[in-house]
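Numbering (the numbering used here), first residue to last: 283 to 1233.
I have placed the structure first, in the form of structure tokens, so that the comments after it can refer back to it.
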């Protein structure tokens, strides 16, 4: 190491205005697990506590903290450049104001740089969110930093340049800094953006590591920062264009809209009118010539409109769009219909480019009934005089809603928040049409409607009710804080909802409320609350899964067996369906003397009332499993629950395998020995395993290590219904349809297409629907008059479906038994889901829509080539799919032989009596009902069920 390289890593820290934040940043450098690290502390020349803290840190750590003083006041960018010049380490890290280094950050970066010889090494970083109490990393970091890798071409990792990835959390070789003359642009307020892009473009090698490097990056302030970010983005875009990297420039422009412009627009309801105008004026010039349909193609309809309005400088329009972004499905503008399309506004539609951006037809507002449409009701004026408040508002009312403009009746429905939901009505003195809106005015007594004591009803939510032409519409009141001001008794929530917090009318109520506040807030009450909270925590701990597992393992599974008890579960308690349901129905039909228990995960809706129901992972669930003589499920009871010695476990499984499963999976092969042993022990609980062909024997049974003597070669009980349906098709035709068609409102003249894609992996996100590969709106536009699309999402996911014309697209994901839907469908569209093996038994048209087939096969692996062995056409684009569906009657005959071979290969053992064979094998004659039953009762019951299903 030369004399100029006294350290391995130099960390440049600029002394800002916060002395505590400066100390914490420097302490994170000094606390590195790698010892040869220095802190280059730059004093920008501003007086204050931070300057004194910087001097003290340099004095306390003279060998590891060097203080570099500016000759005069300097900007942050100039101070950073001063720090780069003073750095002596082989690699340099620059920390932003208040940022901290993770303890092993320098070691991880330096080791990766030494191993790969890269000029730049980057890792993960986190930033504060919201109020600043929590931190999170940008979502795009997950894929970018999934593993350690070297980057030779930025096209392989375009997010490094397209996103603000290199604003922190990376180190650069000091020799490369000087060779490439990398400097922070002193004329930019966010110069770190341009610096990181320049470092990436000039680096001879880049290495990405999955480790966390820096934390506590400042929370973004979109309204204040976006204009400065826009100027930095312009410089980056110009640099990329000058280097001929138009592909990266295009991705950069799109990412800027998503990461900065739209978040800024979303904050408009929380800003004052002046702040909104300043933000619009600061952003609009940078969006000129960048809001064409191509640049906005990846955005949703409201997002496209929002960016367009920002570019036009339409502050009020952006505010309305921000409300639409925060309240999906709400009509916030006076929509215009032209040539079958719905547009955000009427202005500018003569320009084809503007018309394409303002097209919001896909929002489906034109298909919503007037009673269910959600209208924006924005408070425009609020004044309080004593105990009376005068409220004025404007309700957006597009021409498609109440087009005849019938007489209006309006009132405020004021309800108390909470369980009681007390309510009272306030008349609206004035309500009249004003073009594409309704203007209203009401006077509200802030003490009226309260009970005498006025204790529980502390918060009230007003809603405007409009009645006209036989339609009744309810709208919530939204407002900006600036409109309400500091009026007593009225507040605006963080979501911009108007709330009333009225004062009680009588002195007794006011006195009692004050007394209750004192009783619940003085010291003994606080201690009591803490004690109750501790008791609740202990109770929750005793009811937690670790305690339940210990009790189950040590006691419940050692209890005596309950003879004749059977526990059923389907898809981890998600539904009452699949093969466990078919077995349960066979038991019921035979009248066997068995006590059946079903587990459910969330809701008991759709489960049989004749069976005992227990919630998954409840104490009753564990008690039932511990004493049951039989377990029957199709997915796997919790792996952590060992099977009692007295229990017989029937695993019906949930589908034949196309993708690699069990120990054939690459993911399982890379697990450590204890993890693989855990899976093996879970599978070893199976006493019987159902297979429907030798394909299952050679794939599933082999992949999970299930011995041949445990296999039941009888097919899947759930498919008995399909075999019977095919027999009816051949003898009496397809009509009348099953009762489920009437339940779903499907007329006989429409072709039923069932779309059922597979699960694509990854942990399910709570309450967040996934976007399906198929654009169902295009299907509805093309086939809506003659077809109905039933969408069946995987049971581990939820589908995000747009609003479509009534009767064209129906979400059937919550339907318990998919076999009923298969019998109803005329055509099946799937990708590589195992449902294709079942539907082939019906000998009806099967289409594989798999746009990501090659990527999926490469990631998960497969047991056969779908394109070679499929029972129907395999298409990869939506246009191909729509073309195939449109010509299905003419082309399906060519697939009849392949479909038959497909069904014979993968469903050889499905002969229509699997449920009966399973019950015979599992229970025999031991639990036969000895009571005399009417002759042919069982056959009559089956005939009745089949007649109910229809032909």
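We put the CB at the ideal spot given by N, CA and C, even for glycine.
All values derive from a computational prediction rather than experimental measurement.
Sort the options by Cα distance to residue i and report the nearest one.
i	options	result
residue 1025	776, 1097, 465	1097
residue 262	932, 980, 1095	With the chain covering only 283 through 1233, there is no way to say anything about residue 262.
residue 1001	950, 1119, 923, 912	1119
residue 1204	817, 858, 809, 969	969
residue 1059	434, 642, 485	642
residue 1163	1132, 1187, 1178	1132
residue 681	616, 670, 672	616
residue 316	386, 907, 334	386
Mapping DSSP to helix, strand and coil, what is residue i?
i	result
residue 1263	Only positions 283 to 1233 of the chain appear in the structure, and residue 1263 is not among them; the question remains open.
residue 1141	helix
residue 812	helix
residue 299	coil
residue 1163	helix
residue 687	coil
residue 1044	Note on residue 1044: pLDDT 48, under 50, position unreliable in the model; the coordinate value appears next. Three-state result, residue 1044: coil.
residue 1060	helix
residue 288	coil
residue 361	helix
residue 732	Legend: pLDDT at residue 732 = 48, less than 50; position of this residue unreliable, value from coordinates given subsequently. Here residue 732 sits in coil by DSSP.
residue 706	strand
residue 657	strand
residue 316	coil
residue 996	coil
residue 1173	helix
residue 1120	helix
residue 878	strand
residue 1131	strand
Distance check for residue j and residue i, CA to CA, integer angstroms please.
i	j	result
residue 427	residue 591	35 Å
residue 289	residue 313	15 Å
residue 574	residue 692	42 Å
residue 718	residue 432	58 Å
residue 688	residue 751	6 Å
residue 1182	residue 1125	7 Å
residue 1081	residue 310	45 Å
residue 668	residue 727	9 Å
residue 471	residue 632	39 Å
residue 1190	residue 655	51 Å
residue 533	residue 577	9 Å
residue 1128	residue 999	22 Å
residue 351	residue 304	15 Å
residue 734	residue 791	Any reading at residue 734 must be qualified, since the residue scores a pLDDT of 40, below 50, and its modelled position is unreliable; no value is offered.
residue 345	residue 325	18 Å
residue 570	residue 1151	52 Å
residue 861	residue 974	12 Å
residue 852	residue 1008	25 Å
residue 995	residue 1188	12 Å
residue 983	residue 956	21 Å
residue 522	residue 356	29 Å
residue 836	residue 803	45 Å
Could you spell out where the beta strand (DSSP E) holding residue i opens and where it closes?
i	result
residue 252	Shown here, the chain extends from 283 to 1233; a query on residue 252 therefore has no answer.
residue 1037	1033-1037
residue 492	488-499
residue 675	670-678
residue 715	712-715
residue 755	753-760
Output the boundary residues of the alpha helix (DSSP H) element that contains residue i.
i	result
residue 1199	1196-1205
residue 511	504-524
residue 971	Careful: residue 971 lies outside any alpha helix (DSSP H), inside the beta strand (DSSP E) at 970-973.
residue 335	331-342
residue 1105	1100-1106
residue 1185	1178-1188
* Asked: What runs of the alpha helix (DSSP H), each 4 residues or longer, lie entirely inside the region 893-953?
  -> Secondary structure within the region 893-953: the alpha helix (DSSP H) runs of 4 or more consecutive residues, fully enclosed, are 901-909, 948-951 (chain order).
* Asked: Counting only runs that start and end within the region 404-468, where is the alpha helix (DSSP H) found for 4 or more residues in a row?
  -> Those alpha helix (DSSP H) runs which fall completely within the region 404-468 and span 4+ residues are 423-426, 441-444, 456-461.
* **Every unbroken beta strand (DSSP E) within the region 366-400, with a cutoff of 3 residues, ordered by chain** => Runs found: 371-377.
* Return the chain-ordered ranges of every beta strand (DSSP E) run that is complete within the region 535-620 and spans a minimum of 3 residues. => Listed in chain order, the complete beta strand (DSSP E) runs (minimum 3 residues) inside the region 535-620 are 618-620.
* Asked: Fully enclosed by the region 806-869, which beta strand (DSSP E) runs are 3 residues long or longer?
  -> DSSP runs (the beta strand (DSSP E)) wholly in the region 806-869: 844-851.
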